[in-house]
Amino acid sequence: MIGTQDYMAFVISHPCSPCRNCKRRKLVQRIRHERIIGPILVLMSTELETNLLILSNGHGEDKVSSSVAKRMIEILRNFSIKASVNVLPLVGNGSAYFSIARDVHLAGPVKEFPSGGFVNHRPLVFLRDIREGLLGLIFSQFQSISKWRSDCVGRRLILAVGDVWPLFLATQAKTPFIFIGTAKSEYYVRDENGALQRRNFFEQVESLLSSVYYPWERTLMKQALAVYPRDALTALHLAKCGLTNVKYFGNPMMDDLEPTGKLLSKIHASLFLSNVLQYCGSNRIVLLPGSRQDEMYRNIEKLLASIKDFAQENRVLFLLSCPPSASPALIDTIICRWGWSCRSDTTDTMEYQLDASGLLVSFNEFSDCIHFSSVGIAMAGTATEQLVGIGRPVITIPGEGPQFTYSFAEAQKRLLGESVFFLEDASQVKVLLQELCTMSRTMRNKFVENGIRKLGKAGASKKIALDIVDIIRNMKE
Numbered sequence: 001m002i003g004t005q006d007y008m009a010f011v012i013s014h015p016c017s018p019c020r021n022c023k024r025r026k027l028v029q030r031i032r033h034e035r036i037i038g039p040i041l042v043l044m045s046t047e048l049e050t051n052l053l054i055l056s057n058g059h060g061e062d063k064v065s066s067s068v069a070k071r072m073i074e075i076l077r078n079f080s081i082k083a084s085v086n087v088l089p090l091v092g093n094g095s096a097y098f099s100i101a102r103d104v105h106l107a108g109p110v111k112e113f114p115s116g117g118f119v120n121h122r123p124l125v126f127l128r129d130i131r132e133g134l135l136g137l138i139f140s141q142f143q144s145i146s147k148w149r150s151d152c153v154g155r156r157l158i159l160a161v162g163d164v165w166p167l168f169l170a171t172q173a174k175t176p177f178i179f180i181g182t183a184k185s186e187y188y189v190r191d192e193n194g195a196l197q198r199r200n201f202f203e204q205v206e207s208l209l210s211s212v213y214y215p216w217e218r219t220l221m222k223q224a225l226a227v228y229p230r231d232a233l234t235a236l237h238l239a240k241c242g243l244t245n246v247k248y249f250g251n252p253m254m255d256d257l258e259p260t261g262k263l264l265s266k267i268h269a270s271l272f273l274s275n276v277l278q279y280c281g282s283n284r285i286v287l288l289p290g291s292r293q294d295e296m297y298r299n300i301e302k303l304l305a306s307i308k309d310f311a312q313e314n315r316v317l318f319l320l321s322c323p324p325s326a327s328p329a330l331i332d333t334i335i336c337r338w339g340w341s342c343r344s345d346t347t348d349t350m351e352y353q354l355d356a357s358g359l360l361v362s363f364n365e366f367s368d369c370i371h372f373s374s375v376g377i378a379m380a381g382t383a384t385e386q387l388v389g390i391g392r393p394v395i396t397i398p399g400e401g402p403q404f405t406y407s408f409a410e411a412q413k414r415l416l417g418e419s420v421f422f423l424e425d426a427s428q429v430k431v432l433l434q435e436l437c438t439m440s441r442t443m444r445n446k447f448v449e450n451g452i453r454k455l456g457k458a459g460a461s462k463k464i465a466l467d468i469v470d471i472i473r474n475m476k477e
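Under the numbering used here, the residues of the sequence shown are numbered 1 to 477, in order.
Structure below.
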């Protein structure tokens, strides 16, 4: 905030008599009043501060926001634009923002809830959220947004990322805003050839609507300075519905996924794993159990159960990609319970053997894992999309949730299309893995093409950031 110590205001007037009732002297006295000195000093300043508030509702949404914000902060600095960036994760603790913690400020309270924000897939869990203080958190978030707005001096802009909830909050703030729509896609209800086959009458009706975004959502979106959908098909249908502020640059989810080489170094440092790699061919399979602590360990159990037969009958290199917050001790217990023998003495490199197959647990090399794999087995949200985006086929198995339930996995299959093989029965995994690990180059190219069509190429974060900065530069206070 700009204070009186930062600037000096001068009032130049014609000479006049020293009369205390002089109007000019009263004017000089009035401008010293603290109620009006702030705005006057801002007007006289050569630099107008930009105040940005980012609202995001979910771990994947936090990642997208962080990716765009990182580029935006760099660009603003290059243009010498003074900016204050605040973030308000509406769901979860906002851990995805930790990588840019030096450049952003937390605007309000955050909290983890049982549903993880996935109330549409398990409505009853919503009641547990309420018991644990959801309504109080929502009220606090409203207050935080209001306080941010009242404290700002200079330009104000809200970046809403996710679904209708951050979009609604942005409209209620009576502040210019931009919307990045990550939650909805036309691919949930149709593809380039027309409406998808759905399970019941109500879902069939949804497929007949002009857009996956409902009319009231589109009404809110029309108020935005810009709308960035997650794919080209969604952008096309929004434009057909009369939205003139729609721009498509790709999906930020595909950024920051470059492999580092650390995983390969770990493999080559192990005599056993390097031997497995030498003879496994294309049998390189990444396992994605998700990042939610309350279901990740259950998902690991299910993934290990699904691969056991294939691992015993073939030479395979498995890569289990876990979040840094996962417990190595608990994961070790689960893996050993399924017949794998531990071959390492430290948690820095957790490697296991089952007959001729090897398994390496990774906590910090997600990008390396997905790029090094030829096939994936997943019970995750964003990670599954990213794996499909780089052109890999993925087998998905529904779990107990709260995130990766049957309905979530079925919707994800519609979203990602032919790259996802949704199996209700985990016993079918062995046969399907045999087919996918030996598929032709033509089939692999089809998965690459589908990934680009559904998720776009890398580079969207920078393009969106450049466009937002251009909007900021053309904004008035």
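Don't be surprised by glycine CBs; every beta carbon is placed ideally from N, CA and C.
So what does DSSP say about residue i, is it helix, strand or coil?
i, result
"K454", "helix"
"I178", "strand"
"M350", "strand"
"N200", "coil"
"V125", "helix"
"R315", "coil"
"T438", "coil"
"P252", "helix"
"G108", "coil"
"L478", "Outside the shown range of the chain, which is 1 to 477, sits residue 478, and nothing can be said about it."
"P166", "helix"
"S362", "strand"
"T384", "helix"
"D425", "coil"
"R131", "helix"
"R156", "strand"
"P402", "coil"
"T260", "coil"
"D103", "coil"
"L492", "Lying outside 1 to 477, the shown extent of the chain, residue 492 is not represented and no answer is given."
"S374", "coil"
"R392", "coil"
"V68", "helix"
Pull up the CB-CB distance for residue i and residue j, whole angstroms please, since I reckon it's below 8 Å.
i, j, result
"L423", "V429", "6 Å"
"T50", "K82", "7 Å"
"I377", "I307", "7 Å"
"D231", "G417", "The pair is not a contact, with the Cβ atoms about 11 Å apart (cut-off 8 Å)."
"G391", "F447", "5 Å"
"I158", "T182", "Rounded, the Cβ-Cβ distance is 16 Å, inconsistent with contact."
"P229", "S367", "No, P229 and S367 are not in contact; Cβ-Cβ is about 25 Å, not under 8 Å."
"L225", "I178", "5 Å"
"T405", "H59", "Contact flag wrong, Cβ pair sits at about 16 Å."
"N86", "L53", "5 Å"
In terms of alpha-carbon separation, which member of the options lies closest to residue i?
i, options, result
"H105", "S84, P176 and V125", "S84"
"S407", "N193, Q143 and Y188", "Y188"
"V316", "Q434, Q386, A107 and Q172", "Q434"
"F372", "F179, R284, G339 and I452", "R284"
"K184", "L387, Q172, E206 and K174", "E206"
"G358", "K111, Q312 and F202", "Q312"
"L415", "T347, F139, V212 and S140", "V212"
"L88", "V110, S99 and I75", "V110"
"L364", "T219, I334, L320 and F126", "Note that residue 364 is Asn in the sequence shown here, rather than Leu. Residue L320 is the option with its Cα nearest to N364."
"N450", "R198, Q386, S291 and Q353", "Q386"
"Y214", "G250, Y228, H237 and G391", "H237"
"P166", "A239, L90 and S140", "L90"
"M443", "S419, Q293, C322 and I138", "S419"
"F310", "C280, Q293, L127 and R337", "C280"
"Y248", "I130, E203, A235 and S291", "A235"
"Q197", "S274, L360 and A411", "A411"
"I334", "A173, R473, L304 and G456", "L304"
Do residue i and residue j have their CB atoms nearer than 7 Å?
i, j, result
"P252", "S67", "yes"
"E351", "S344", "yes"
"A380", "L288", "yes"
"G162", "S56", "yes"
"K486", "A96", "The requested residue 486 does not occur in the structure, where the chain is confined to residues 1 to 477."
"M72", "A465", "yes"
"S144", "G108", "yes"
"T349", "K262", "no"
"P398", "A409", "yes"
"L354", "W340", "yes"
"F421", "I452", "no"
"M475", "R149", "no"
"L112", "G92", "The sequence given here places Glu at residue 112; Leu does not occur at that position. Yes. Within cutoff."
"G389", "M254", "yes"
"E203", "V164", "no"
For residue i and chain B, any beta-carbon pair shorter than 7 Å?
i, result
"G459", "Among the protein chains of the structure shown there is no chain B, as only one such chain exists."
>> Quick check on the DSSP output: what are the complete beta strand (DSSP E) runs of length 3 or more inside the segment 221-249, in order along the chain?
In response: 226-228
>> Could you tell me which whole beta strand (DSSP E) segments of length 3 or greater appear in the segment 269-352?
In response: 284-288 and 317-321
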